[in-house]
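These protein sequence lines map, in sequence, to chains A and B.
Just so you know, we're using this note's numbering here: the first sequence kicks off at 5 and counts up by one.
Just so you know, we're using this note's numbering here: the second sequence kicks off at 6 and counts up by one.
Glycine residues also receive a C-beta, built at the ideal position from the N, C-alpha and C atoms.
This one's a predicted model, so the numbers in the text were calculated from it and none came from an experiment.
Notes follow once the structure below has been shown.
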Amino acid sequence: MRMSKLVRTGADLLYPFALIFGLYIVLHGHLTPGGGFQGGAVVATGAAIVIVAWAYEDIAEMIRKVTMMAQESAGLLLFIGAAILALGFGYAFFYNVLANSGGLFGLPVAFGPNPGELDTAGVIPIMNIAVGIEVWGGLTIILLYLLSGLKKEEGT
Amino acid sequence: MKRALVLVTFGILTGALLLIPGLLQFGIPAASDMDDYFLEHCQEQTAANNVVTSVVFDYRGFDTLGESVVLFTAVIGTGLMFRNMLKEEEYEDE
């Protein structure tokens, strides 16, 4: 069931901002409050606004279930891969090999309160991105499944 | 009898709830060795400014792995439950 044109336009306007804000929370998870789970939930909220405002049939082409399912699986695999990465360097599972290494996300951090640098914290940003992608896909697909049950009841 | 038992239990729980603020002081945790360790070492060991994220994704990584797997399983369960409802559309997708 479609909502009125005002609600649909508002949802279309809000969707990119929810996307950007959620991705900001995911990418800055090692510097500011938040992280993968919270940012992914924010992005899924943006998808929820669009799904509620539009009918399910209009949304099915835009937010595809297959894409979201692949995204969720890719997020979980990336998370486990980032954890297994330490085994290749001869450390224990989940050891932070990239921290303070000088490579990707490898800058050292001074002790005490400081504004922070985005290029730090080793595998933690990678895991944040992985979990964010997974929560985004997972929550969106749950919403799609739950709200698609309404499609036959109301004829629009 | 039953009513008296309910009242006594309620009284004991309310007393315990009121006793806690009297026994503990704000800002002075009972055991803080672990907190101090994380606060002092997280920036040099994990190079992350956010101590909570460094605990969640580095020191307690297995917990987060479990959370991710729980979410994955929940999505699979929802998909299995609602699959019959969307059967004709699912065939179109494939």
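Each of A:43, A:55, A:19 was checked against the Cα of residue 129 of chain A, and the nearest Cα belongs to A:43.
Look at residue 41 of chain B: its C-beta is not under 9 Å from any C-beta on chain A. With a beta-carbon spacing of about 33 Å, residue 141 of chain A and residue 94 of chain A fall beyond the 8 Å limit used to define contacts. Rounded to whole angstroms, residue 137 of chain A and residue 25 of chain A show a C-alpha spacing of 14 Å. About 6 Å separates the beta carbon of residue 22 of chain A from that of residue 46 of chain A, a gap short enough to meet the 8 Å contact definition. If only uninterrupted alpha helix (DSSP H) runs of at least 4 residues are considered, those enclosed by the region 52-126 of chain A are 60-66, 69-92.
By alpha-carbon distance to residue 14 of chain A, the top candidate from A:108, A:76, A:53, A:49 is A:53. For residue 132 of chain A against residue 40 of chain A, the beta-carbon gap comes to about 4 Å, under 8 Å, which counts as contact. A contact between stretches requires three or more CB pairs, one per stretch, nearer than 8 Å, and the region 68-81 of chain B fails this requirement with the region 107-119 of chain A.
For residue 49 of chain A, the closest alpha carbon among the candidates A:36, A:27, A:65 is that of A:27. A contact between stretches requires three or more CB pairs, one per stretch, nearer than 8 Å, and the region 8-23 of chain B fails this requirement with the region 31-40 of chain B.
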